[in-house]
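Participant: Everything in the sequence shown is counted per my numbering, starting at 362 for the first residue and increasing by one. In this text, a Cβ means the ideal position worked out from N, Cα and C, and glycines have one as well. Take a look at the following structure, please.
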Amino acid sequence: MDKQSSKYRLNDQFRIKRSTCLDKRIFRPDNVRIIGQANNQVIMCLLTQQRLLLTFDQHAVHERIRYERILTASFDQGYLSGQPVKPPYEISIPEQLSQQLTDEILNKFQRQLNTQMTVRPTDSTVIITNVPDFLIDALRYFDSQQQSNSQSSTGHMTPFLVEQIRTQACRGAIRFNEPLSRYECDEMIRALTTCRSSFRCAHGRVLVKPLLYINHINNDQHNHLMNEAWKRHFQPKIDTIIETKNDQIKKQFIK
362 MDKQSSKYRL
372 NDQFRIKRST
382 CLDKRIFRPD
392 NVRIIGQANN
402 QVIMCLLTQQ
412 RLLLTFDQHA
422 VHERIRYERI
432 LTASFDQGYL
442 SGQPVKPPYE
452 ISIPEQLSQQ
462 LTDEILNKFQ
472 RQLNTQMTVR
482 PTDSTVIITN
492 VPDFLIDALR
502 YFDSQQQSNS
512 QSSTGHMTPF
522 LVEQIRTQAC
532 RGAIRFNEPL
542 SRYECDEMIR
552 ALTTCRSSFR
562 CAHGRVLVKP
572 LLYINHINND
582 QHNHLMNEAW
592 KRHFQPKIDT
602 IIETKNDQIK
612 KQFIK
């Protein structure tokens, strides 16, 4: 090892030797200093009081922000906001099931889920005339799938509402290899600090990785340590992460 590498190597004082639990109480705008984007894939920042260097998965961060914003926007004065389905969507169901859809059940769907449905008893058909905003695209997608494959089962018509919001948040989120300015990084992390769940993406996966503690060092050491931390702790895993996310995205569109 040459003298330059030895001078800037990651000493034990910088390594994380203990369990490091992140807490919402310390993840505050006044305690976070943005360093910037690394490799067009993660956002690096420093918890200033703890001197702890963190890396955030930029896609997961944006997904979490979008998820909570869509969830909030989906409610109007405590009720799910919806929109009409034009033309009304019709779906055939078993006769026994249609008999179980009483007026009481249909009214409950309308009150709690802003989903208006009527049942045509002559041919056991459910007619949907209004759904929550975030289900419109899912309904159209399902309709296109039904038209392209007459053998498709109607049993997959009712996905969980939360899962639909998660999918919508994921598809519109920033991807890996998208460059971000320092301002954009700052805006995203600030928005993340206001989220109810700041350390997990919409699907529950951890979106932040503590890298190392940074003590009193000069700028050259600081930059070198950042590069070393990236190479040793994050870069070896990045290809696997990208491949996994690409596979997940493909599966979402294939379904």
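#1: DSSP state of T463, grouped into three classes?
#2: Which same chain residues, not among the five before or five after C562, have their C-beta less than 6 Å away from its C-beta?
#3: Does DSSP put Q398 in a helix, in a strand, or in coil?
#4: What is the rounded straight-line gap between the Cα of P552 and the Cα of Q410?
#5: Per DSSP, I452 forms a beta bridge with which residues?
#6: By DSSP's criteria, Y574 is part of a beta bridge. Which residues make up the other side?
#7: Which class does C622 belong to by DSSP, given the choice of helix, strand or coil?
#8: Using a threshold of 8 Å, state whether the C-beta atoms of S435 and S485 are closer than that.
#9: According to DSSP, simplified to helix, strand and coil, what is L407?
#10: Based on the DSSP secondary-structure assignment, which residues constitute the bridge partners of G443?
#11: Taking just the CA atoms, how far does L541 sit from R389?
#12: Would T483 be called buried (16 or more neighbouring beta carbons within 10 Å of its own) or exposed?
#13: Give me the Cα-Cα distance between L462 and L432, rounded to the nearest whole angstrom.
#14: I need the straight-line Cα distance from A399 to Q525, nearest angstrom please.
#15: Let's test the definition: count the other Cβ atoms within 10 Å of the Cβ of E451 and tell me whether it reaches 16, buried, or not, exposed.
#16: Quick check on DSSP: helix, strand or coil for R557?
#17: Compare the Cα-Cα distances from Q471 to each of V446, F560 and V492 and report the closest residue.
#18: Less than 8 Å separating the beta-carbons of T479 and I466?
Facilitator: On the basis of the coordinates in this document:
#1: T463: coil per DSSP, three-state reduction.
#2: Within its own chain, the residues whose Cβ lies closer than 6 Å to the Cβ of C562, once the five positions on either side in sequence are excluded, are A421, E424, R425 and L568, listed in chain order.
#3: Correct three-state label for Q398: strand.
#4: Checking the sequence, you will find Ala at residue 552 rather than Pro. Counting only the Cα atoms, Q410 lies some 20 Å from A552.
#5: BP columns for I452 point to V487.
#6: Per DSSP, L413.
#7: A query on residue 622 cannot be resolved here, the shown segment of the chain reaching from 362 to 616 and no further.
#8: Going by C-beta atoms, S435 is not nearer than 8 Å to S485.
#9: Correct three-state label for L407: strand.
#10: DSSP links G443 through a beta bridge to P493.
#11: Roughly 21 Å separates the two Cα atoms.
#12: That one is exposed.
#13: Their Cα atoms are separated by approximately 28 Å.
#14: Each residue's Cα considered, the two are about 31 Å apart.
#15: Label assigned to E451: exposed.
#16: Coil at R557, not helix or strand.
#17: Checked all of V446, F560 and V492; the closest Cα to Q471 is V492.
#18: It is not a contact, given that the beta carbons lie outside the stated cut-off.
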